[in-house]
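A quick write-up on the structure given underneath.
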Ligand code: FRU
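Now the structure itself:
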């Protein structure tokens, strides 16, 4: 049996045997659909009082393949309602997958711009009925050729500039390294290639860049890319001049080993907000058997700090859903204030203990390390979210780390933080699912 048919057999067994919502590892306030495989968030947009999130989805199994755009909607970025699938791989130019992309408003009409495959080309779908109906345009694909030999050519990120649309596309030049290609257009249909917005070095930042995100922040611009083969999100802060981006500083956006292919958007109050795919960190055959894979992160808000590094915090709407802690369960938030600038704590999630420490220069969570410098006399602070198999840790408005953990029992979550002031909260389930039949029910 080859790998695909082995996985298909596992998936078939999972589909008939599982109610994923009874799985103790299944998250309840992080968005994901009830079943099957999900990866990148796509087309994040606030429109007419609602946040729309689309996502890469395989409707048939919990492994990657047959990419569609799933769709969910929220009024507060916390409570998510399922909507019918938005885009299917049903045209000659996208039959091998409707890949990642974004949503923009063009002449008053919310419009999706995505990558069709194979080969990778760029395509447009207009929408109607308040982003409930989708129409792939006749002129697709609107960009059908890359600028030479490339390692990838996908994941459009659009913005407007002096009355024109600009598009950043992820990819790379073989032997040179990952790159972001820059295009411009007046009408989203006819596009002109300009030059690389930014070019990486293969030995340092990988051979291919996926899911570019480019946006202004304070008096700088930020570029996020998901680097292959490292499977890490890198950020660059710098200047955007004459349609070229000149990075001044860079780093790993999330060192927790799970977040990938994030997308940013502007929330209704103007905050630059990010949601990213949290990959499973357990073996493929385990998640295929479980019948589900992939979770979206909590929304995070970016700010440019005085030292021109990227500041990050949990979205403030999280405060409006939290409840009082009952001491039981696996959906918790801990706000922790340490007396000084050095600290040690242990987070217990079921059978798993995750050590957390800060030594004045590095924050380490369960072996994942991120550099962090505090100001003189600034105390160390943590905001920790646990949602079954998902843990997100925020420190001092500077560092965010998402981790996955698969405990073998359901002992209540607790935090041991000697000497610290801890406020604990319960977070209720905020995601609605399509109803899945229980085993044995009609
Ligand atoms: C990133 C990615 C994108 C692509 C999509 C396909 O995770 O590989 O580059 O568009 O996923 O599902």
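In the working numbering, the protein residues as written are 448 to 889.
Each residue gets a CB set at the ideal place from its N, CA and C atoms; glycine is no exception.
Sequence-distant residues of its chain with Cβ nearer than 6 Å to residue i (five each side left out)
i	result
residue 892	With the chain running from 448 to 889 in the structure shown, residue 892 is simply not present.
residue 783	829, 864, 867 and 869
residue 878	478 and 527
residue 844	758 and 760
residue 587	540 and 570
residue 485	479, 502, 504 and 741
residue 893	No statement about residue 893 is possible, as the shown extent of the chain runs from 448 to 889 and does not include it.
residue 471	857
residue 839	745, 832 and 849
residue 735	454, 457, 458, 509 and 510
residue 721	709, 711 and 747
Same chain only: Cβ atoms within 7 Å of residue i, ignoring 5 sequence neighbours per side
i	result
residue 481	467, 468, 880, 881 and 883
residue 704	728, 815 and 850
residue 648	624
residue 687	668
residue 621	596 and 598
residue 655	598, 599, 618, 619, 625 and 675
residue 887	In this prediction, residue 887 scores a pLDDT of 40, lower than 50, which makes its location untrustworthy; the coordinate-derived value is nonetheless stated afterwards. Closer than 7 Å at the Cβ level, and outside the excluded window around residue 887, lies no residue.
residue 496	522
Option nearest residue i by Cα separation, candidates the options
i	options	result
residue 628	608, 658 and 634	658
residue 718	737, 751 and 631	751
residue 500	858, 723, 818 and 732	723
residue 491	470, 558 and 452	558
residue 691	732, 631, 472 and 485	631
residue 508	603, 741 and 720	741
residue 800	850, 874 and 476	850
residue 819	700, 776, 808 and 737	808
residue 890	506, 488 and 726	With the chain covering 448 to 889 only, the question about residue 890 has no answer from this structure.
residue 573	564, 560, 797 and 567	560
residue 505	524, 522 and 532	532
residue 753	640, 822, 702 and 474	822
residue 873	737, 689, 604 and 475	475
residue 930	591, 582, 842 and 472	Beyond the ends of the chain as shown, which are 448 and 889, falls residue 930; an answer cannot be given.
residue 737	450, 451, 449 and 510	510
residue 584	534, 470, 861 and 766	534
residue 565	581, 580 and 512	512
residue 774	563, 636, 859 and 459	859
residue 749	582, 767, 824 and 714	714
residue 906	811, 765 and 731	No information on residue 906 is available, as it lies outside the stretch 448 to 889 that the chain covers here.
residue 483	778, 862 and 733	733
residue 578	493, 525 and 776	493
residue 633	609, 660, 834 and 776	609
residue 835	525, 861, 853 and 524	853
residue 530	798, 580 and 702	580
Nonlocal neighbours in the same chain, by C-beta distance under 8 Å from residue i, ignoring five residues either side
i	result
residue 755	667, 684, 695 and 696
residue 567	546, 593, 599, 600 and 601
residue 662	606, 668, 669, 711 and 719
residue 770	872, 873, 874 and 875
Any chain D beta carbon closer than 7 Å to residue i
i	result
residue 501	Here there is only one protein chain, and chain D is not present.
* Does the segment 670 to 686 come within contact of the segment 708 to 721, defined as at least 3 CB pairs closer than 8 Å? -> In short, these stretches touch, since the Cβ pair count reaches three.
* **Meets three-Cβ-pair contact criterion under 8 Å: the segment 539 to 546 and the segment 755 to 763** => Cβ pair count under 8 Å is below three, so no.
* the segment 598 to 615 touching the segment 516 to 533, judged by at least three CB pairs closer than 8 Å -> Because the criterion of three Cβ pairs below 8 Å is not met, the segment 598 to 615 and the segment 516 to 533 do not touch.
* **Length-filtered (3 minimum) beta strand (DSSP E) runs lying within the segment 799 to 849** => Counting only runs of at least 3 residues, the segment 799 to 849 fully encloses the following beta strand (DSSP E) elements, listed from N- to C-terminal order: 799 to 805, 809 to 812, 815 to 818, 828 to 834 and 837 to 842.
* **Three CB pairs or more closer than 8 Å across the segment 543 to 557 and the segment 744 to 752** => In short, these stretches do not touch, since the Cβ pair count stays below three.
* Entirely within the segment 749 to 808 and at least 4 residues each: give me those alpha helix (DSSP H) ranges in chain order. => You should have 765 to 768.
* To do: Starting from the N-terminal side, write out each stretch of the beta strand (DSSP E) that is 3 residues or longer and does not extend beyond the segment 516 to 541.
  => Annotation note: the segment 516 to 541 contains the following uninterrupted beta strand (DSSP E) runs of length 3 or greater, listed N- to C-terminal: 528 to 534.
* Spell out a yes or no on whether the segment 614 to 631 and the segment 664 to 679 are touching, meaning 3 or more CB-CB pairs, one atom from each, closer than 8 Å. => Judged by Cβ distances under 8 Å, the segment 614 to 631 makes contact with the segment 664 to 679, as three or more pairs qualify.
* Asked: Which runs of the beta strand (DSSP E), 3 residues or longer, sit entirely within the segment 533 to 600?
  -> For the segment 533 to 600, the full-length beta strand (DSSP E) segments reaching 3 residues or more read 545 to 553, 556 to 563, 568 to 575 and 580 to 583 along the chain.
* **Continuous beta strand (DSSP E) assignments of at least 3 residues falling wholly in the segment 656 to 726** => The segment 656 to 726 contains these whole beta strand (DSSP E) runs: 667 to 675, 679 to 688, 691 to 699, 706 to 713 and 719 to 725.
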